[in-house]
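Before any comments, here is the structure.
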Amino acid sequence: MDRHVAVTGASSGLGEAIARAFGAAGDHLTLVARRSGLLEAVASAFAGRARVAEYDLATSDPAAWLPAAEAAFGPVDVLVNAAGCQVIAPFADVTPAAADEMTAVNFRAPVRLVRAVLPSMRARGVGAIVNISSIGAAAPPPYMSDYVATKAALAAFSESLGAELRGTGVNVLTVYPGPMNTPMGAAGLRTYGNAPSARMMPMGDPAGLALAVLRAVDRRRPRLTYPRGYALMRWLPPPAGFLVSRFGPRPVTPSTPGTR
Ligand SMILES: NC(=O)c1ccc[n+]([C@@H]2O[C@H](COP(=O)([O-])OP(=O)(O)OC[C@H]3O[C@@H](n4cnc5c(N)ncnc54)[C@H](OP(=O)(O)O)[C@@H]3O)[C@@H](O)[C@H]2O)c1
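Position in the sequence shown (first residue = 1) + 2 = our numbering.
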């Protein structure tokens, strides 16, 4: 398609799968994350059409990588905010530093990046912004208070902006993944000690979500829940919230801050 698609969190999990899907569709890619070796491995599949931006989005200016990316491939046509970090633990055990990191990566960076790419999209009357929130934003599970608050903030930002931009040519897609088969999802299962209530939850496939994101961008959809069954939790937040808060799994081992 020859768009410039910038994907944060492209070194792993959902961001990597989404980047590979846009790459397979013929787009130019800017791949953003800290682990450059993993980014290079993704980029090597799309030689000449993919650049690596090794960058820590928790730093003071999450958009500092953007000018070089736009100098190489032109203005960003699709921004995918997929980078994220998670701690699952009792609130008292989450350090202020870990809480700040979640706020910075999961909420502050996406908003700052949207602020940076939107003026050019508006001027051109075309563009797509994809924000990866979480189904936990609709039905917040226990032991994730800081994490899920950042995801709910991102979802509210994304839904509000999407409504504001309707009719401008710039589409905002808010994505609500359920539990996903990624390193973050696997870390979550370990935190729950592989409890049956955790293992019972259907896990989504990153490649399937990536194709659904591509389709939703092309069809200018406002939101996507994946796997589809979790959409019930977004449509019926009170009963879903009750069930999740009462019967959701409890962490049995200390959680790993971040994803590394
Ligand atoms: N897995 C799930 O069950 C699930 C469910 C709902 C929503 N989500 C959301 O989906 C998104 C992707 O998660 P995932 O499951 O794919 O997790 P993952 O495999 O752990 O990937 C997380 C990505 O975020 C990047 N990242 C983390 N901190 C960063 C920082 N400070 N600067 C730059 N990049 C950073 C990581 O790259 P580096 O480490 O290389 O920097 C990595 O590429 C996240 O926003 C997550 O909250 C996941």
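All residues carry an ideal CB built from backbone N, CA and C; glycine is no exception.
Closer than 7 Å: residue i CB and nearest ligand 1 heavy atom
i, result
"residue 181", "yes"
"residue 142", "no"
"residue 263", "Given that the chain is displayed from residue 3 to residue 262, the structure contains no residue 263 and the question cannot be resolved."
"residue 184", "yes"
"residue 37", "yes"
"residue 176", "no"
"residue 227", "no"
Closest Cα partner of residue i within the set the options
i, options, result
"residue 36", "147, 212, 75 and 107", "107"
"residue 75", "92, 95 and 50", "50"
"residue 120", "92, 173 and 64", "173"
"residue 190", "116, 144 and 97", "144"
"residue 82", "115, 89 and 166", "115"
"residue 134", "3, 208, 41 and 28", "208"
"residue 170", "178, 100 and 124", "124"
"residue 58", "110, 91 and 117", "110"
"residue 253", "72, 232 and 96", "96"
Expected contact under 8 Å - CB spacing of residue i and residue j to nearest Å
i, j, result
"residue 148", "residue 202", "Not quite, the Cβ-Cβ distance comes to about 25 Å (not below 8 Å), so this is no contact."
"residue 137", "residue 32", "Not quite, the Cβ-Cβ distance comes to about 28 Å (not below 8 Å), so this is no contact."
"residue 15", "residue 184", "3 Å"
"residue 23", "residue 213", "6 Å"
"residue 180", "residue 229", "6 Å"
"residue 8", "residue 78", "5 Å"
Bridge partners - residue i, DSSP secondary structure assignment
i, result
"residue 179", "228"
"residue 163", "Partner(s): none; residue 163 has no beta bridge."
"residue 133", "83 and 176"
"residue 206", "182"
"residue 10", "34 and 83"
"residue 53", "32"
Contact test: residue i Cβ vs ligand 3 heavy atom, cutoff 7 Å
i, result
"residue 160", "With respect to small molecules bound, the structure shown includes ligand 1 and not ligand 3."
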